[in-house]
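Going down the list, the sequences are from chains A and B. For the first sequence, the residue numbers in numbering that gives the first Met the number 0 are 0 to 129. For the second sequence, the residue numbers in numbering that gives the first Met the number 0 are 0 to 129. Here is the structure we will look at, set down as structure tokens.
2 protein chains.
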Amino acid sequence: MFSYPLHHVAVAVSSLEETSSLLELLTGESPSAVEEIPDQGVRVLFVGSVELLEPLNSETTVGRFLMKRGPGLHHIAYRVPDLKEALARAKSEGFQLIDEEPRKGSRGHLVAFLHPRSTGGFLVELVQAG
Amino acid sequence: MFSYPLHHVAVAVSSLEETSSLLELLTGESPSAVEEIPDQGVRVLFVGSVELLEPLNSETTVGRFLMKRGPGLHHIAYRVPDLKEALARAKSEGFQLIDEEPRKGSRGHLVAFLHPRSTGGFLVELVQAG
């Protein structure tokens, strides 16, 4: 048996500073430091369990998401104990992997994404804490 | 000082049964029983911290969301100790309330929604555990 808890929810925004101020005001949680992840084309920060994603430019995945749909909920992330094992299991169950191998996420985590087509319509990230 | 933790993330789906099976397979979490909330025009269930929303018909808020955008992430919910107080605070800080008064949500909770326009682009629910 296994059980993956929710790790965070990510939101695409056009300004980390603006949205993090709003969330701090709303929830009382202080924003984390900003981290840039060139590999994923984003600047990110966390306010509690909510990750804000600001695209580095309009040609990135999050940049295109923003252009097409405006700011909004982008993906949910589950915490897994072993990402390689979790990817192998997900693949064997028929989930479509966007990342066949773990890659580096924010805060030293290892991450990988599953395609919305296979999850019921929403982007899912698996996270192994760094 | 106050601090509202994330309570759940909600996803609009066309079939509770299909998506909950997928999430159970992916995360190892068992789905809760289905609950119907006529007031919000949905059937809901939880798989871990993820709430699935299936519209009762296409004229409901979630029904229109599905028609327009297809299945996907719908809102995030923060847990608050006192919903009336939280709504008064949010309003005084400039957040736009969809519900001026708490109403009944799933599992006996009291809930109220804030307009995406005021939160940075995504629908936020405040939940007082029942």
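Every residue, glycine too, gets a C-beta built ideally from N, C-alpha and C. Note that the structure is a prediction, hence the values are computed from the model and not measured.
Supposed contact pair residue j and residue i - C-beta distance, whole angstroms, cut 8 Å
| i | j | result |
| --- | --- | --- |
| residue 22 of chain B | residue 46 of chain B | 4 Å |
| residue 57 of chain A | residue 93 of chain A | Their Cβ separation, rounded to whole angstroms, is 34 Å, which puts residue 57 of chain A and residue 93 of chain A out of contact at 8 Å. |
| residue 61 of chain A | residue 11 of chain A | 5 Å |
| residue 108 of chain B | residue 95 of chain B | About 22 Å; that fails the 8 Å criterion. |
| residue 54 of chain B | residue 41 of chain B | 6 Å |
| residue 120 of chain A | residue 71 of chain B | 5 Å |
| residue 89 of chain A | residue 25 of chain B | 6 Å |
Cβ shell of residue i (< 8 Å), same chain only, five flanking positions each side left out
| i | result |
| --- | --- |
| residue 110 of chain A | 76, 82, 98, 101, 102, 103, 104, 124, 125, 126 and 127 |
| residue 73 of chain B | 9, 10, 11, 52, 61, 64 and 122 |
| residue 37 of chain A | 55 |
| residue 59 of chain B | 39, 40 and 41 |
Residue burial classification, residue i (beta-carbon count within 10 angstroms, cutoff 16)
| i | result |
| --- | --- |
| residue 7 of chain A | buried |
| residue 87 of chain A | exposed |
| residue 19 of chain A | buried |
| residue 48 of chain B | buried |
| residue 28 of chain B | buried |
| residue 1 of chain B | exposed |
| residue 50 of chain B | buried |
Beta-bridge partners of residue i, as assigned by DSSP
| i | result |
| --- | --- |
| residue 9 of chain A | A:50 and A:74 |
| residue 87 of chain A | Answer is none; residue 87 of chain A lacks a bridge partner. |
| residue 103 of chain B | B:109 |
| residue 127 of chain B | B:109 |
| residue 36 of chain A | A:41 |
| residue 4 of chain B | Bridge partners of residue 4 of chain B: none, in fact. |
| residue 30 of chain A | A:46 |
| residue 96 of chain B | B:113 |
Proximal residues to residue i (C-beta, below 6 Å), its chain only, five neighbours per side dropped
| i | result |
| --- | --- |
| residue 35 of chain B | 42 |
| residue 31 of chain B | 44 and 45 |
Cβ neighbours of residue i in the same chain (closer than 7 Å, five flanking residues each side left out)
| i | result |
| --- | --- |
| residue 78 of chain A | 3, 4, 6, 126 and 128 |
| residue 67 of chain A | none |
| residue 69 of chain A | none |
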